[in-house]
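J.:
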Amino acid sequence: MKGKDNVLLQVRNLSKTFNSFQAVKSVSFELYPGEILGLLGPNGAGKTTIIHMLLGLTSPTSGEIRIFGMNPLKSREREKILNRMNFSSTYVAMPYSLTLRESLTVFAGLYGVKEARARISYLIEQFDLKDVADRPVRTLSSGQMTRLNLAKAFINQPEVMLLDEPTASLDPDIADRTRSYLLEMKQTKKMAILYTSHNMQEMEEISDRLLFLHHGEIIARGTPEELVSRFKGQDLEDVFLKVAREVRP
Amino acid sequence: MKWHRISAMFLRHIYLYRHSLTRLVEIFYWPLLDLLVWGFVSLYITRLSGNGEATPNFLGIFLGALILWDILFRSQQGISVSFLEEVWARNFLNLFVSPLTIGEYLVSLMLVAVFKVVVVFLISALLAWVLYSFNLFMIGIYLIPFILSLVILGWAIGILTTGLILRFGQQAEVLAWGVAFLFQPISAVFYPVSVLPKFLQKLALVIPASYVFEGMRAIVFGRTFPADKLLKAFGLNVIYLGLALVFFFRMFKQVRARGLLAKMGE
Numbered sequence: 012m013k014g015k016d017n018v019l020l021q022v023r024n025l026s027k028t029f030n031s032f033q034a035v036k037s038v039s040f041e042l043y044p045g046e047i048l049g050l051l052g053p054n055g056a057g058k059t060t061i062i063h064m065l066l067g068l069t070s071p072t073s074g075e076i077r078i079f080g081m082n083p084l085k086s087r088e089r090e091k092i093l094n095r096m097n098f099s100s101t102y103v104a105m106p107y108s109l110t111l112r113e114s115l116t117v118f119a120g121l122y123g124v125k126e127a128r129a130r131i132s133y134l135i136e137q138f139d140l141k142d143v144a145d146r147p148v149r150t151l152s153s154g155q156m157t158r159l160n161l162a163k164a165f166i167n168q169p170e171v172m173l174l175d176e177p178t179a180s181l182d183p184d185i186a187d188r189t190r191s192y193l194l195e196m197k198q199t200k201k202m203a204i205l206y207t208s209h210n211m212q213e214m215e216e217i218s219d220r221l222l223f224l225h226h227g228e229i230i231a232r233g234t235p236e237e238l239v240s241r242f243k244g245q246d247l248e249d250v251f252l253k254v255a256r257e258v259r260p
Numbered sequence: 003m004k005w006h007r008i009s010a011m012f013l014r015h016i017y018l019y020r021h022s023l024t025r026l027v028e029i030f031y032w033p034l035l036d037l038l039v040w041g042f043v044s045l046y047i048t049r050l051s052g053n054g055e056a057t058p059n060f061l062g063i064f065l066g067a068l069i070l071w072d073i074l075f076r077s078q079q080g081i082s083v084s085f086l087e088e089v090w091a092r093n094f095l096n097l098f099v100s101p102l103t104i105g106e107y108l109v110s111l112m113l114v115a116v117f118k119v120v121v122v123f124l125i126s127a128l129l130a131w132v133l134y135s136f137n138l139f140m141i142g143i144y145l146i147p148f149i150l151s152l153v154i155l156g157w158a159i160g161i162l163t164t165g166l167i168l169r170f171g172q173q174a175e176v177l178a179w180g181v182a183f184l185f186q187p188i189s190a191v192f193y194p195v196s197v198l199p200k201f202l203q204k205l206a207l208v209i210p211a212s213y214v215f216e217g218m219r220a221i222v223f224g225r226t227f228p229a230d231k232l233l234k235a236f237g238l239n240v241i242y243l244g245l246a247l248v249f250f251f252r253m254f255k256q257v258r259a260r261g262l263l264a265k266m267g268e
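For the record, the sequence lines run as chains U and S.
Numbered according to the numbering used here, the first sequence spans residues 12 to 260.
Numbered according to the numbering used here, the second sequence spans residues 3 to 268.
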């Protein structure tokens, strides 16, 4: 149910300039409970920069961000926001020498998770990590590391989840199970998810709405079906190729 | 063996020096510091023997100095190397997207430093006693303020170094091993401040560690150590820790604006 009152994440005219390079140009969007919003675009389109600004890792040049009605650039509000939000990316890892269970215990502490042991066991089970739970992180395969990152991201039962190419190094079976879990979280917990991926089939399957970014700008928005029809493509992959090759609707 | 492969690998390392000022400086840095420290030590020993004074307790001077210096070094490493561990593990981003504040993070690193110092100190003191019959606890109650002073200076240097690594990235990570030693020659670790040339003596007056090592030598020689000098050392430590924190928070703000924080974590 969309409306001004229940918007979880709101971005208004967000821009970021690195020296003279404008990475993000006046981007605006909202994210609602129980919604999966896909950020789509070629490499360098500004997807990751937007996510980093939402997490307060990079400060915007201009514009406004509100998450749960709070400003992530104010340190006290950021702390409250991050307690209710989480993030996972294929490009980050965990301390190599710790075991998987120890790593999750550290993050359970950082997020102040109650009944941490039970929560960790549940996530280990959920992400099929039982066999490697007590193995050092350095011995994990890239797929297991990605699943560990996802388990970390779910540790605090976030209301808003930011996922940067979360299934990039997963085999089709685990990737499918991960998508199913995300859809389940969306439906049962009303989790709002901001999702980036270069897997167009996945984006088409999972996203309620899509934002098409190119050179830091949103050039199109809508449901996957709307975008396919607007760009006169066969599917989302076809649309992506047209956008990457500078074809405008 | 093929020369083209050997030369390719040689070139690979020369390219590294061409692009990294810190690595280039490092080539000269360690020999220069060794030369300074051991040059002043030799000067000190020569002066003592020239004066015809009774041979001092060199074992106490050097072992005590070495153990106390290690406290400063471990305290600094407890901060900067612990920080680097997160960068190497690509875990940095995971930490800073959690509710962990930068203040909480720094306090946790300070505690890690204290933990390392306690372990290293106890092991070193025990080994010095077992192997050389040197009892570090002969320093008595002064040992507590001496250690505390070195730990705080180690924190300050560690935070400063971490701020630099944060700003300049992994190419600056050699600083984690080198910056503390920059203070060694003027901290008069193994020799009194009076051995230093006049201009370095003035510099030593603003280095809190120099008061600790002077104090340790005074006690080993059976003299008293003025408490006001210890207070001065603490005063300087508070100033340096404050400045290091200001520097670190400025760097943190700067890297956030430049998007470097996210890059460091990936």
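Ideal Cβ positions, reconstructed from N, Cα and C, are used throughout, including at glycine.
Report the residue from U:Met105, U:Pro147, U:Thr69 whose alpha carbon sits nearest the alpha carbon of U:Lys85.
T.: Ranking U:Met105, U:Pro147, U:Thr69 by Cα distance to U:Lys85 puts U:Thr69 first.
J.: Residues in the stretch 71-102 of chain S with C-beta within 9 Å of chain A's C-beta atoms, listed in sequence order?
T.: You won't find chain A in this structure, because its protein chains are U and S.
J.: Counting only the same chain and skipping the five closest in sequence on each side, list residues whose C-beta sits under 7 Å from that of S:Phe249.
T.: Leu162, Gly165
J.: Determine the DSSP secondary structure at U:Gln7, reduced to helix, strand or coil.
T.: The question about residue 7 of chain U has no answer, for chain U in this structure spans 12 to 260.
J.: Does the beta carbon of U:Phe29 sit closer than 9 Å to a beta carbon anywhere in chain S?
T.: yes
J.: Using Cβ-Cβ distances below 9 Å, what residues of the stretch 127-145 of chain U are close to chain S?
T.: Under the 9 Å Cβ criterion, the stretch 127-145 of chain U contributes no residue.
J.: Note down, in chain order, every chain S residue with its Cβ under 9 Å from the Cβ of U:Glu90.
T.: Pro101, Leu102, Thr103
J.: At a cut of 8 Å, does the stretch 100-107 of chain U reach the stretch 88-100 of chain S through at least three beta carbon pairs?
T.: yes
J.: With a CB to CB cut of under 7 Å and the five nearest residues on each side skipped, what residues in its chain are close to U:Lys27?
T.: Ala34, Val35, Thr60, Met64, Thr69, Pro71, Thr72
J.: Of the choices S:Phe123, S:Phe136, S:Ala259, S:Ala127, whose alpha-carbon is the least far from that of S:Leu152?
T.: S:Phe123
J.: For a contact meaning CB atoms closer than 7 Å, what does U:Ser86 contact in chain S?
T.: Chain S residues near U:Ser86: Thr103.
J.: Residues of chain S with a CB under 8 Å from the CB of U:Pro106: which are they?
T.: Glu87, Glu88, Ala91, Asn93
J.: Would DSSP call S:Gly105 helix, strand or coil?
T.: helix
J.: Does the Cβ-Cβ distance between U:Leu115 and U:Ile92 come in under 9 Å?
T.: Judged by their CB atoms, U:Leu115 and U:Ile92 are not nearer to each other than the 9 Å cut-off.
J.: Within the same chain, show all residues whose beta-carbon is closer than 6 Å to that of S:Tyr193, passing over the 5 residues directly before and after it, in chain order.
T.: Apart from sequence neighbours up to five positions away, the residues of its chain that approach S:Tyr193 with a beta-carbon distance below 6 Å are Phe42, Val43, Tyr46, ordered along the chain.
J.: If I follow the unbroken beta strand (DSSP E) through U:Thr207, where does it start and stop?
T.: 203-207
J.: For U:Phe251, I'd like the list of residues in its chain whose CB is within less than 6 Å of its CB, leaving aside the five on either flank, ordered along the chain.
T.: Within the same chain, U:Phe251 has close Cβ partners Met211.
J.: I'd like to confirm something about U:Glu90: is its beta-carbon nearer than 8 Å to some heavy atom of the ligand SAH, or not?
T.: Among the components modelled here there is no ligand, and therefore nothing to report on the ligand SAH.
J.: Am I right that U:Leu159 and U:Phe98 are in contact with their C-beta atoms under 8 Å? What's the rounded C-beta distance?
T.: At roughly 14 Å, the Cβ-Cβ gap does not stay under 8 Å, so U:Leu159 and U:Phe98 are not in contact.
J.: Which of helix, strand or coil does DSSP assign to U:Glu90?
T.: helix
J.: Spatial neighbours of S:Tyr144 within its chain, please: CB distance less than 7 Å, with the 5 preceding and 5 following residues excluded, ordered by chain position.
T.: Gly217, Ile221, Phe227
J.: Which of the residues in the stretch 58-84 of chain U, read from start to end, lie with their CB under 8 Å from any CB of chain S?
T.: Thr59, Thr60, His63, Leu66, Gly67, Leu68, Thr69, Ser70
J.: Excluding the 5 residues preceding and the 5 following U:Val143 in the sequence, name in chain order all residues of the same chain whose CB lies nearer than 7 Å to its CB.
T.: Hits under 7 Å: Leu111, Leu151, Gln155.
J.: In the DSSP output, what is U:Lys27 paired with across the bridge?
T.: U:Val35
J.: Between the C-alpha atoms of S:Ile169 and S:Arg260, what's the straight-line distance to the nearest angstrom?
T.: Reading the sequence as shown, one finds Arg at residue 169 of chain S and not Ile. Going from the Cα of S:Arg169 to the Cα of S:Arg260 covers about 10 Å.
J.: Excluding the 5 residues flanking S:Leu2 on each side, which residues of the same chain have their C-beta closer than 6 Å to its C-beta?
T.: Missing from the structure shown is residue 2 of chain S; chain S here goes from 3 to 268 and no further.
J.: Mind checking which residues open and close the beta strand (DSSP E) that includes U:Ser100?
T.: 96-100
J.: Using a Cβ distance threshold of 8 Å, determine whether the stretch 37-48 of chain U contacts the stretch 225-241 of chain U, with at least three qualifying pairs required.
T.: Contact holds: three or more Cβ-Cβ distances are below 8 Å.
J.: Please go through the same chain and pick out, in chain order, the residues whose beta-carbon is closer than 6 Å to the beta-carbon of U:Ser208, but skip the five residues on each side of it.
T.: Glu176, Met214
J.: Going straight from the alpha carbon of S:Val119 to that of U:Ile166, what length do you get?
T.: 33 Å
J.: Does the CB of S:Leu263 have a neighbour CB from chain U at under 9 Å?
T.: It does: the Cβ of S:Leu263 has a partner Cβ on chain U nearer than 9 Å.
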